[in-house]
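Peer 1: For the sequence shown, the numbering used here puts the final residue at 533, and the numbers step up evenly by one. The structure is given below, and queries will be raised subsequently.
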Amino acid sequence: MYYSSWKKFFHFRQSLKGAEKGIKWLTCLKLGSHPDGFMISLQVANLACSISNNEEGVKLVRMAATQIDSLCPQVINAALTLAARPQSKVAQDNMDVFKDQWEKQVRVLTEAVDDITSVDDFLSVSENHILEDVNKCVIALQEGDVDTLDRTAGAIRGRAARVIHIINAEMENYETGVYTEKVLEATKLLSETVMPRFAEQVEVAIEALSANVPQPFEENEFIDASRLVYDGVRDIRKAVLMIRTPEELEDDSDFEQEDYDVRSRTSVQTEDDQLIAGQSARAIMAQLPQEEKAKIAEQVEIFHQEKSKLDAEVAKWDDSGNDIIVLAKQMCMIMMEMTDFTRGKGPLKNTSDVINAAKKIAEAGSRMDKLARAVADQCPDSACKQDLLAYLQRIALYCHQLNICSKVKAEVQNLGGELIVSGLDSATSLIQAAKNLMNAVVLTVKASYVASTKYQKVYGTAAVNSPVVSWKMKAPEKKPLVKREKPEEYQTRVRRGSQKKHISPVQALSEFKAMDSF
């Protein structure tokens, strides 16, 4: 009797589990709320196809979406069958087969959409979704909604894991260098430090809210951990955008805000408590007299001329595998921020920001010095080698000068109120030092290229040591084809050639101009 009752109860539980499994899949599919996001996935896929110019990728996405759409009714029928006959092993096996096929097709669709979606767009959307989920988590925590808190926290962990996976895979397409190191450092920080702390705080919050008697816990700790997740994803996105040109970032509102909340890749912003007479140093610089502003504007104009030269020089080269170009771009970005500070603009708010920016420039200059000296060591031409070493000495000198100018400004600000009086001298000195450094960087880039190509021409493929950096010209823009002359016309135009002139490599390089600028 007891055995018979236990057996009936066991079969009842098995039937209930099978019915629940079928009903769960049926409900999820009908409502479009399956964890893999059936309805949302199709909407996103169609939207991605409408804005992509990758014809082959769009075909693959539409094919995968069509297969999922046709598979959906079959999965629903399998779920209905399992719900009606929960004890049937055939129905359960049938449901498992369709479940595996469904998840496989969803993965195919996800990968296909990834192929036609740029990393920049993916990071932007992921950042916005994580911000929304973080807000939902905080609201659920304050309202004591354990289910919403657990579900939303799981979504945050999934999104963060996907960001880390996508970016790590993207960095495999680049040669190892400063850029990839920065990006991978940001992903490592998110995966190994931020996410474990967030998971720990979620577990503590759920345990406290799920207790029969609600237990007290640090709500601020949970909020801080959630905020760090969003900041971590945002830092990854900013690290990825580090090598983008202004034209590529023109549609990104984060880089067009007037309050300059976005930090540069290398600068450090101070907190609001570092103020002088209730105002930041940047705000005080904006209040300088018009005469001083005019003089500063003249210096900035000269600086922009040097910057245009650097833009033209680095725009010639593909920076993948060339850390000299990457470092030159970084130094240029920081120097632009420092000159913007003298006009009361830019992300640098106080003198400590300027000092930190100068230190970052010095660090980048040291790394460039190390790379360029390695290039000089491999150059067999003594003249090219001496020119390159001379330009490196200029970089070291102007980096030191930039550090001094930033510290002088800090001493003046500490006097309180005297900044306006001595602001002009310190500002112009800072701009001139940045201009000189910019010029030295331009000359170093040119000399490094000449030294590298001299090395390659002399030793060729028989070189024992590989080049320090890779110099690859950017692909030029497409232009209309020029009508070729007929062979008979070409043969009739035979003229006496003039004597060949010797042109130095640096002069030839200067005559080449690229249209792009970073």
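Backbone N, C-alpha and C fix where the C-beta goes; we use that ideal spot for every residue, glycine too.
#1: What's the gap between the Cα of Ser279 and the Cα of Cys152?
#2: I think Ser139 touches Arg252, with their Cβ atoms under 8 Å apart; what is that distance to the nearest whole Å?
#3: Quick one: any contact between the region 449–456 and the region 397–417, if contact means 3 or more CB pairs under 8 Å?
#4: Trp117 by DSSP, collapsed to three states: which one?
#5: For Ile258, I'd like the list of residues in its chain whose CB is within less than 8 Å of its CB, leaving aside the five on either flank, ordered along the chain.
#6: Less than 7 Å between C-beta atoms, sequence neighbours within five positions excluded: which residues of the same chain meet that for Val161?
#7: Looking only at its own chain, which residues have a Cβ that is under 7 Å from the Cβ of Val209, when we skip the five neighbours before and after it?
#8: Please report the distance separating the alpha-carbon of Val460 from that of Glu70.
#9: Would you check if the distance between the CB atom of Tyr414 and the CB atom of Ala373 is smaller than 9 Å?
#10: What number of angstroms, rounded off, separates the C-alpha of Val217 from the C-alpha of Ile311?
#11: Taking only the alpha-carbon atoms, compute the straight-line gap between Thr202 and Gln393 and give it to the nearest angstrom.
#12: Just to check my reading of the structure: Gln314 and Thr443 have Cβ atoms closer than 8 Å, yes? What is that Cβ distance to the nearest angstrom?
#13: State the beta-bridge partners of Met488 as determined by DSSP.
#14: Check whether the Cβ atoms of Trp332 and Lys197 sit closer than 9 Å, and answer yes or no.
#15: Report buried or exposed for Glu306, applying the criterion of at least 16 other Cβ atoms within 10 angstroms of its Cβ.
#16: Between which residues of its own chain and Thr163 is the CB-CB distance below 6 Å, once the five residues before and five after are set aside?
#17: Count the other CB atoms, across all protein chains shown, that sit within 10 Å of the CB of Met78; report buried if there are 16 or more and exposed otherwise.
#18: Can you tell me which of Pro211, Gln120, Lys364, Pro231 puts its alpha carbon nearest to the alpha carbon of Thr81?
#19: Given this structure, state the Cα-to-Cα distance separating Glu321 from Ala449, to the nearest angstrom.
#20: If you follow the alpha helix (DSSP H) that Pro211 is part of, which residue opens it and which one closes it?
#21: Return yes when the Cβ of Ala462 is within less than 9 Å of the Cβ of Ala387, no when it is not.
#22: What's the call for Val112, buried or exposed, on a 16-neighbour Cβ count within 10 Å?
#23: Which one of Leu97, Glu118, Arg122 has the shortest CA to CA distance from Met110?
#24: Do Lys400 and Arg358 have their CB atoms nearer than 9 Å?
#25: How would you call Asn337, buried or exposed, if buried means at least 16 neighbouring beta carbons within 10 angstroms?
#26: So Ile446 and Phe237 are supposed to be a Cβ contact under 8 Å. How far apart are they, rounded?
#27: Could you give the DSSP three-state label for Lys385: helix, strand or coil?
#28: Might you give, ordered along the chain, the residues of its own chain that have their beta carbon closer than 8 Å to the beta carbon of Arg382, omitting 5 neighbours on each side?
#29: With DSSP as the reference, label Asp111 as helix, strand or coil.
#30: Can you check whether the CB of Asp148 is closer than 9 Å to the CB of Ile11?
#31: Taking the alpha-carbon of Asp130 as reference, which of Glu207, Glu185, Phe232 has the nearest alpha-carbon?
#32: Taking the straight line between their C-alpha atoms, what separation do you get for Ala405 and Leu417?
#33: Can the beta-carbon of Leu205 be found closer than 9 Å to that of Ile179?
Peer 2: Based on what the coordinates show:
#1: Here residue 279 refers to the residue found at position 264 when the sequence shown is read from its first residue. Here residue 152 refers to the residue found at position 137 when the sequence shown is read from its first residue. Low per-residue confidence applies at Ser279: pLDDT is 41, beneath 50, and the placement is therefore not dependable, though the value from the model is reported in the following sentence. Between Ser279 and Cys152, the C-alpha separation is close to 29 Å.
#2: Numbered from its first residue, the sequence shown carries residue 139 at position 124. Numbered from its first residue, the sequence shown carries residue 252 at position 237. Yes, they are in contact, since the Cβ atoms of Ser139 and Arg252 sit about 7 Å apart, within 8 Å.
#3: yes
#4: As a working mapping, residue 117 is identified with position 102 in the sequence shown. It is helical.
#5: Indexing the sequence shown from 1 puts residue 258 at position 243. So the qualifying residues of the chain are Tyr194, Asp334, Val341, Lys344, Phe533.
#6: Counting from 1 along the sequence shown, the entry for residue 161 is found at position 146. Once the five neighbours on either side are set aside, the close Cβ partners of Val161 are Ile221, Leu224, Ser225.
#7: Taking the first residue of the sequence shown as 1, we reach residue 209 at position 194. Contacts found: Leu243, Val244, Gly247.
#8: The sequence position of residue 460 within the sequence shown is 445, counting from 1. The sequence position of residue 70 within the sequence shown is 55, counting from 1. Approximately 39 Å, taken between the alpha carbons.
#9: Within the sequence shown, the letter at position 399 stands for residue 414. Within the sequence shown, the letter at position 358 stands for residue 373. Just to set this straight, residue 414 is Cys in the shown sequence, not Tyr. Going by C-beta atoms, Cys414 is nearer than 9 Å to Ala373.
#10: Position 202 of the sequence shown holds residue 217. Position 296 of the sequence shown holds residue 311. Each residue's alpha carbon lies about 52 Å from the other.
#11: As a working note, residue 202 is residue 187 in the sequence shown. As a working note, residue 393 is residue 378 in the sequence shown. Roughly 35 Å between the two C-alpha positions.
#12: In the sequence shown, counting from the first residue as 1, residue 314 sits at position 299. In the sequence shown, counting from the first residue as 1, residue 443 sits at position 428. So it is a contact: roughly 5 Å between Cβ atoms.
#13: The residue given as residue 488 occupies position 473 in the sequence shown. According to DSSP, Met488 bridges with Trp332.
#14: Walking along the sequence shown from the start, residue 332 turns up at place 317. Walking along the sequence shown from the start, residue 197 turns up at place 182. The answer is no: Cβ separation not under 9 Å.
#15: Numbered from its first residue, the sequence shown carries residue 306 at position 291. The residue is exposed, with fewer than 16 neighbouring Cβ atoms inside 10 Å.
#16: On the sequence shown, residue 163 is found 148 positions in, with the first residue counted as 1. Taken in chain order, the residues that qualify are Ala155.
#17: Stepping through the sequence shown from its first residue, residue 78 is reached at position 63. Classification for Met78: exposed.
#18: As a first step, residue 81 must be located in the sequence shown, where it is residue number 66. Nearest of Pro211, Gln120, Lys364, Pro231 to Thr81, Cα basis: Gln120.
#19: Mapped onto the sequence shown, residue 321 falls at position 306. Mapped onto the sequence shown, residue 449 falls at position 434. Cα to Cα, Glu321 sits roughly 10 Å from Ala449.
#20: The count along the sequence shown starts at 1 and reaches residue 211 at position 196. Its alpha helix (DSSP H) spans residues 210–225.
#21: If you number the sequence shown from 1, residue 387 lands on position 372. If you number the sequence shown from 1, residue 462 lands on position 447. The answer is yes: Cβ separation under 9 Å.
#22: Along the sequence shown, one-based indexing puts residue 112 at 97. Exposed, since its Cβ has fewer than 16 Cβ neighbours within 10 Å.
#23: One-based indexing of the sequence shown puts residue 110 at position 95. Comparing Cα-Cα distances from Met110 to each of Leu97, Glu118, Arg122, the minimum goes to Leu97.
#24: Here residue 400 is taken as the residue at index 385 of the sequence shown, counted from 1. Here residue 358 is taken as the residue at index 343 of the sequence shown, counted from 1. Contact: no.
#25: Here residue 337 refers to the residue found at position 322 of the sequence shown. Buried, by the Cβ-count rule.
#26: For the purposes of this step, residue 446 is identified with residue 431 of the sequence shown, where counting begins at 1. For the purposes of this step, residue 237 is identified with residue 222 of the sequence shown, where counting begins at 1. Wrong, their Cβ atoms sit about 46 Å apart, outside the cutoff.
#27: Mapped onto the sequence shown, residue 385 falls at position 370. Correct three-state label for Lys385: helix.
#28: Taking the sequence shown and counting its residues from 1, the one referred to as residue 382 is at position 367. Answer for Arg382: Val193, Asp338, Leu342, listed in chain order.
#29: As a first step, residue 111 must be located in the sequence shown, where it is residue number 96. Helix, per DSSP.
#30: Since the displayed the chain opens at 16 and closes at 533, residue 11 lies outside it and no answer follows.
#31: The residue labelled residue 130 in the question sits at position 115 within the sequence shown. When each option's Cα is compared against that of Asp130, the closest is Glu185.
#32: Within the sequence shown, numbered from 1, the residue matching residue 405 stands at position 390. Within the sequence shown, numbered from 1, the residue matching residue 417 stands at position 402. Straight-line Cα distance between these residues: approximately 19 Å.
#33: For the purposes of this step, residue 205 is identified with residue 190 of the sequence shown, where counting begins at 1. For the purposes of this step, residue 179 is identified with residue 164 of the sequence shown, where counting begins at 1. It is a contact, given that the beta carbons lie within the stated cut-off.
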